[in-house]
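Everything below concerns the one structure shown next.
Numbering (this note's numbering), first residue to last: -8 to 617.
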């Protein structure tokens, strides 16, 4: 806490105004201790950050108390045996301004464990009979010491019919109400000139409108009593300080200051600005908060879950920790507190867990994330037969493939959704991987997870949301599905690329398990690159692919590569024309004599004079399903 500071009257008014708003915020809803962020939410109009709220509470120990990372008004720390009126007075005195009957009744109900409706019923009578409290017709409860109280001179016997005695009574009344004739005389003269109806309490509002400075309520009360004193106030015109107070309060044109004076309503903005400046100074001098492990009450879990169920979008427990509990990643207990909150949200069962610290409704997940896009499915191959009545498209046992081809078909660049090797956990998960973008993933905004090793992403839950940060530091919220083996949600990113096929990206892990760097390297894989002109020809071939076997498609494609082509190049182009599995393209290359692989070279060549000849005898030995 800061050292004891003597504030100027203006600063004191501003700080008391802020404290008043905070205390009234505590009275909204069930009287329970609140975390700093909960207090902040209840006083949003003040525009204070969580840190500023904590500084305000921390530096006013005469009004607020912290217990187990929660705050409560100090007035609540009182025995349950304390009299009702005494506790009500304690509340109003702490606030320093009128408090509504309903707000006081809620506090009394929580303190004495009776319904607040009961206290709403009895409070008016209790306040009217109380020595230190009053209640207005609009059910606002205040302290009688704010009023001018002529009854303090009643035990003194005055000869009211004599002017000198009345003047003595006036000066006695001023003395007992901490006023002086020097203070009130200018106001008496000014009010007389205004020719107001002093028998009507509303005169005070008209007088305040002409005032050039704040006026204490006691002074106004004295004026009201004084102007109706002659000849005998005891039965000519009774003084009613409560009615006078209500007249000003009900006008809503004046603000009540903690010094007992009325101010123009506009001064509240000045108090707020001055108070915020002081709080910011406190915040700069605040010591580190002593952190304790987070403990969640059942009602807090219910509140968090209910809020998340009502708002769209994915919520992050780490952000909730910071927003609601002021626990930042730099906090000593952050990891432990995050686990506590994640466990509570997961155990509740009403929210869907989307990985790491992300939770949301089931409807927050796009429907397309649940399935494989139709364009990625492998269509049935057309049954086109050769002159011998045998299908052109054959499948061989991999033992029939050349050794280099057996290695190439296991290359992640050749694999795709529903056509990949059984995933295996690598001995060590790499920090980054290179991913080559192939059609039609560019148009779909997807990535096949066959190019990403197991362990790179968390294995649970099945469907997760993660963040990709690109080379421009732009964040993309994407989805991954371990069942479909796809990453979704990169359509906008890929739309920026002019490269149709073969763009190389780097995917890199970060310290946060659900955040990854996904950067375009500016490079293109030469084996998977497709020029725009070549792509147009592939699309033309695609239009008549239904009448062509894969064998005939590959012959056509090879004619576009007079110097030969690698398997990855051919397989990629075949799949642009028609989705085809690796076993089909590899089997056709291995089975037909028109496709030749020179020794020691990965490049396949087309032998025009061998086109149309059936598969080799050696290949027949490895036919599957033939």
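Just so it is clear, CB atoms sit at the ideal spot from N, CA and C, and this is done for glycine as well.
Taking a contact to mean a Cβ-Cβ separation below 8 Å, would you say residue i touches residue j in this structure?
i: residue 196; j: residue 258; result: no
i: residue 244; j: residue 256; result: yes
i: residue 249; j: residue 87; result: yes
i: residue 267; j: residue 39; result: yes
i: residue 30; j: residue 16; result: yes
i: residue 299; j: residue 350; result: yes
i: residue 521; j: residue 491; result: yes
Within a Cβ cutoff of 7 Å, which residues of the same chain sit near residue i, ignoring the five residues on either side of it in sequence?
i: residue 562; result: 405, 573, 576
i: residue 68; result: 56
i: residue 46; result: 270, 273, 274, 277
i: residue 262; result: 4, 5, 8
i: residue 441; result: 403, 406, 407, 411, 476
i: residue 432; result: 438, 439
i: residue 18; result: 94, 97, 98
i: residue 542; result: 383, 384, 579, 583
i: residue 58; result: 24
i: residue 170; result: 209, 210, 213
At the level of alpha carbons, what is the spacing between residue i and residue j?
i: residue 516; j: residue 496; result: 10 Å
i: residue 329; j: residue 319; result: 10 Å
i: residue 226; j: residue 167; result: Because residue 226 carries a pLDDT of 47, less than 50, the predicted location of this residue cannot be relied on, and no value is offered for it.
i: residue 65; j: residue 424; result: 58 Å
i: residue 2; j: residue 246; result: 16 Å
i: residue 518; j: residue 560; result: 5 Å
i: residue 504; j: residue 60; result: 29 Å
i: residue 165; j: residue 213; result: 8 Å
i: residue 609; j: residue 538; result: 28 Å
i: residue 288; j: residue 91; result: 29 Å
i: residue 264; j: residue 28; result: 21 Å
i: residue 607; j: residue 444; result: 37 Å
i: residue 593; j: residue 464; result: 39 Å
i: residue 172; j: residue 193; result: 24 Å
i: residue 313; j: residue 130; result: 39 Å
i: residue 109; j: residue 210; result: 36 Å
i: residue 338; j: residue 121; result: 51 Å
i: residue 132; j: residue 161; result: 28 Å
i: residue 283; j: residue 316; result: 11 Å
i: residue 302; j: residue 14; result: 29 Å
Taking DSSP as the reference, what is the three-state secondary structure of residue i?
i: residue 256; result: coil
i: residue -3; result: coil
i: residue 109; result: helix
i: residue 356; result: coil
i: residue 318; result: coil
i: residue 603; result: coil
i: residue 503; result: coil
i: residue 226; result: Reliability of the predicted coordinates at residue 226 is poor, the pLDDT of 47 falling under 50, and the value obtained from them is presented with this limitation in mind. Note: residue 226 maps to coil in three-state DSSP.
i: residue 200; result: helix
i: residue 13; result: helix
i: residue 298; result: helix
i: residue 557; result: strand
i: residue 472; result: strand
i: residue 618; result: Lying before the first or after the last residue shown, residue 618 is absent from the chain, which here runs from -8 to 617.
i: residue 189; result: coil
i: residue 369; result: coil
i: residue 58; result: strand
i: residue 594; result: strand
i: residue 287; result: coil
i: residue 349; result: strand
i: residue 552; result: coil
i: residue 76; result: helix
i: residue 38; result: coil
i: residue 334; result: helix
i: residue 245; result: strand
Kindly list the residues whose CB is nearer than 6 Å to the CB of residue i, restricted to its own chain and excluding five residues on each side of it in sequence; keep chain order.
i: residue 596; result: 555, 587
i: residue 42; result: 274
i: residue 218; result: 189
i: residue 549; result: 597
i: residue 399; result: 558
i: residue 364; result: 435
i: residue 215; result: 235
Enumerate in chain order the residues of its own chain whose CB-to-CB distance from residue i is below 8 Å, with the five nearest sequence positions on each side excluded.
i: residue 450; result: 473
i: residue 528; result: 551
i: residue 570; result: 366, 367, 368, 369, 370
i: residue 11; result: 86, 87, 88, 249
Could you check whether the Cβ of residue i sits closer than 8 Å to any Cβ belonging to chain B?
i: residue 7; result: You won't find chain B in this structure, because it holds only one protein chain.
Q) Can you give, in chain order, each stretch of the beta strand (DSSP E) that sits fully within the stretch 378 to 463 and has at least 3 residues? A) With a minimum length of 3 residues, the continuous beta strand (DSSP E) runs that stay inside the stretch 378 to 463 are 423 to 427, 454 to 460.
Q: Only counting runs of 3 or more residues, tell me where the beta strand (DSSP E) segments fall wholly within the stretch 477 to 543, in order along the chain.
A: Correct list: 477 to 479, 494 to 500, 506 to 515.
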